[in-house]
Ligand code: GCW
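Numbering (this note's numbering), first residue to last: 23 to 733.
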């Protein structure tokens, strides 16, 4: 009995130390800094947020929940404006907000931005969230809560914030049977079977999390599309989700299977220039808008990796995109056409194919078409130079496609913080004076249609993303889409504070680890510009030796080209000349072997094994150095994390610790497998002092993973 009482007393403590990660960065724990807490309490002792709309209901609910948690006391909603309170709304709802300073801020805030400002009302300081629209108020509310969660002073605020990019989107590669292509966090969160009648509370939490970081669009289905999605029973399900998301400012989009007129329409062709086909799509679109009046539009993967498309009828990508664009235009919908195309019948370097395909079409798309371009020309590699299309299509709005799910970056077993990868691309100079960020945010061509998408890493795992730290990548995508000038460090800092604790030692140490993690991953798997040498199909682990796939560019040997002379893909004029697709200013940094940064060396050059690197080492020795250092630095991440145990709840501490254990094993596996294999070409020894690989190359080659996730 005594034992039982003791256990019962202990239980609340134990559970307080267990967090499963479901709350993401919206935990709203009480502020621990006493002075700040007091100042918050003074300024936020009541909430005045009138306004009659589902969005304003959410604003009130979120502010109450957030402030009550953060301030440790119930913060009431009051009807009448009063001094010393938080006042949130649009000037229409709240005449108090019609002063000069707020009006000036609102002139810059646009449809989705907000003003956060300290104002004196009746001689007392109070905090104002003002916006031109209800959704702007919601974004402002989340921003204020973020300031409190990260323990920032709010005594004299004057923030005007507006998104730099208009479409801030997640692309879900979710199938109707709930599998997720390249998903590593369980099954799809969309339960199509129980929709539309059963609304999983998770749909609401999903919308809320997205709104908190400014994401305003979700493509619900895989780009490898299924036409069934466009049939009435499924459109009803989509409508149910759209209704949940709408008050959070999120529009839904669907992937359109180009052959849908054949598959569900009973037509004999899907030729985009056929009037019957055009009519079919117009009818279909009309039907969709009857269910979902604010439907965003279509995302299309066409004539790529076996998907149907306009080229099946000898039409161009522009013909296909424009046909759909005309159908959605009367409803203000858009078409997002993907530039990720390459063909096995095209013998040219895969790197060059999308550019060749799309640059002749520049300016030939309708106004409501965007071209969605992956960050690099191959495929979401751990490190890739930016896609040459970003410097080449001034008359077409280009949308960025990043991958949040870690298909090629350790999936859900590796801690890899992706903001540095995103930033590296966004800050690249395209060669005409504009960075990639300035191309996609409309600065270069004055586009008003601008966008950034991330392939989602969300599944039905309790912690949403599989790895606790993978949440940071979802978070970073949203934050960068809102403001790409934020630094990776700033985003890591705020995410850590909200997700774990504000303790400075914890935040500094964990942020430094996050900021190093992507470089460590590159180093331990694909150093010096190596790419696409992962296991074929599932892309899990190393398999640089694979050479038996049906299509040449599906084989790792296609990418590393190791031989007795050296290693790397010659993309200069003596090789595939993919470099010629970059503007001269961009090309210059890579085209000369001597000047090319180590990080891109084997991406653009086939260099001899004895080539002398900047470090003074030969290429072979450098390769060994990189792999060994990568694995050692992975071990160091484990040690760093272990020291952080006192700051983290037990559940998440242990999860991350175990995953870092897997990550370390995987780094050693990568190192041994790759070096043993490349050694068969270099015929050089692994330098003295390094631990010998524990197994033979034959062993690593024999490993099979028929049930690896994500396929
Ligand atoms: O990265 C590759 C993936 C495919 C994916 C494709 C694409 C959805 O391996 O799984 O298909 O890219 O982006 O279309």
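Here a beta-carbon is modelled for each residue, glycine too, at the ideal position from N, C-alpha and C.
Owing to the predicted nature of the structure, the values given are computational and were not obtained by experimental measurement.
Can you list, in chain order, the residues of its chain whose CB lies under 7 Å from that of residue i, leaving out five sequence neighbours each side?
{"i": "residue 586", "result": "703"}
{"i": "residue 510", "result": "441, 442, 445, 537"}
{"i": "residue 689", "result": "546, 652, 653, 656"}
{"i": "residue 261", "result": "218, 313, 314"}
{"i": "residue 552", "result": "582, 624"}
{"i": "residue 242", "result": "194, 196, 212, 260, 263, 274, 276"}
{"i": "residue 469", "result": "419"}
Once the 5 residues before and after residue i are set aside, which same chain residues still bring their CB inside 8 Å of it?
{"i": "residue 76", "result": "268, 269"}
{"i": "residue 577", "result": "558, 568, 569, 570, 571"}
{"i": "residue 34", "result": "Confidence is the limiting factor: at residue 34 the pLDDT is only 43, short of 50, which leaves the residue's position unreliable and the question unanswerable from this model."}
{"i": "residue 722", "result": "564, 691, 694, 695, 698, 699"}
{"i": "residue 417", "result": "384, 385, 467"}
{"i": "residue 300", "result": "294, 345, 348, 349"}
{"i": "residue 646", "result": "697, 708, 709, 712"}
{"i": "residue 252", "result": "276, 278, 279, 282, 286, 306, 310"}
{"i": "residue 120", "result": "113"}
{"i": "residue 760", "result": "Nothing about residue 760 can be read from this structure; the chain reaches only from 23 to 733."}
{"i": "residue 32", "result": "Since pLDDT at residue 32 reaches only 49, below the 50 mark, its modelled position is unreliable, and the value read off the structure follows with that caveat. Same-chain partners within the cutoff: there are none."}
{"i": "residue 95", "result": "63"}
Put residue i into one of helix, strand or coil per three-state DSSP.
{"i": "residue 724", "result": "helix"}
{"i": "residue 86", "result": "helix"}
{"i": "residue 34", "result": "Model confidence at residue 34 stands at a pLDDT of 43, short of 50, so the residue's coordinates are unreliable; what they give is reported in the following sentence. Residue 34 falls in the helix class under three-state DSSP."}
{"i": "residue 234", "result": "helix"}
{"i": "residue 612", "result": "helix"}
{"i": "residue 719", "result": "helix"}
{"i": "residue 424", "result": "strand"}
{"i": "residue 431", "result": "coil"}
{"i": "residue 451", "result": "strand"}
{"i": "residue 556", "result": "strand"}
{"i": "residue 670", "result": "coil"}
{"i": "residue 594", "result": "coil"}
{"i": "residue 679", "result": "helix"}
{"i": "residue 146", "result": "strand"}
{"i": "residue 731", "result": "coil"}
{"i": "residue 658", "result": "helix"}
{"i": "residue 175", "result": "coil"}
{"i": "residue 602", "result": "helix"}
{"i": "residue 382", "result": "helix"}
{"i": "residue 578", "result": "helix"}
{"i": "residue 166", "result": "helix"}
{"i": "residue 217", "result": "coil"}
{"i": "residue 97", "result": "coil"}
{"i": "residue 23", "result": "Summary for residue 23: the model assigns pLDDT 47, below 50, so the residue's position carries little reliability, and this model does not support an answer."}
{"i": "residue 349", "result": "helix"}
{"i": "residue 713", "result": "coil"}
{"i": "residue 703", "result": "helix"}
At the 8 Å Cβ level, is residue i part of the contact set with chain D, yes or no?
{"i": "residue 355", "result": "Absence of chain D from the displayed structure is noted, only one protein chain being present."}
With which residues is residue i paired in a DSSP beta bridge?
{"i": "residue 473", "result": "189"}
{"i": "residue 358", "result": "321, 392"}
{"i": "residue 180", "result": "139"}
{"i": "residue 202", "result": "196"}
{"i": "residue 634", "result": "640"}
{"i": "residue 457", "result": "451"}
{"i": "residue 240", "result": "192, 274"}
{"i": "residue 589", "result": "629"}
{"i": "residue 404", "result": "In DSSP, residue 404 forms no bridge with anything."}
{"i": "residue 564", "result": "556"}
{"i": "residue 15", "result": "What is shown of the chain runs 23 to 733, which leaves residue 15 out entirely."}
Less than 6 Å between C-beta atoms, sequence neighbours within five positions excluded: which residues of the same chain meet that for residue i?
{"i": "residue 323", "result": "245, 329, 360"}
{"i": "residue 716", "result": "none"}
{"i": "residue 449", "result": "457"}
{"i": "residue 205", "result": "481, 732"}
{"i": "residue 521", "result": "47"}
{"i": "residue 513", "result": "441, 498, 501"}
{"i": "residue 335", "result": "293"}
{"i": "residue 107", "result": "68, 70, 148"}
Could you tell me whether any non-hydrogen atom of the ligand ADP is closer than 7 Å to the CB of residue i?
{"i": "residue 388", "result": "This structure does not include the ligand ADP; its bound ligands are the ligand GCW."}
Alpha helix (DSSP H) segments (min. 4 residues) lying fully within the stretch 104-140: 122-131
Within the stretch 252-331, ranges of the alpha helix (DSSP H) (whole runs, at least 4 residues): 254-267, 282-285, 297-313
Uninterrupted alpha helix (DSSP H) stretches inside the stretch 36-73 (no shorter than 4 residues): The qualifying runs are 56-65.
Length-filtered (4 minimum) alpha helix (DSSP H) runs lying within the stretch 492-537: 493-504, 510-521
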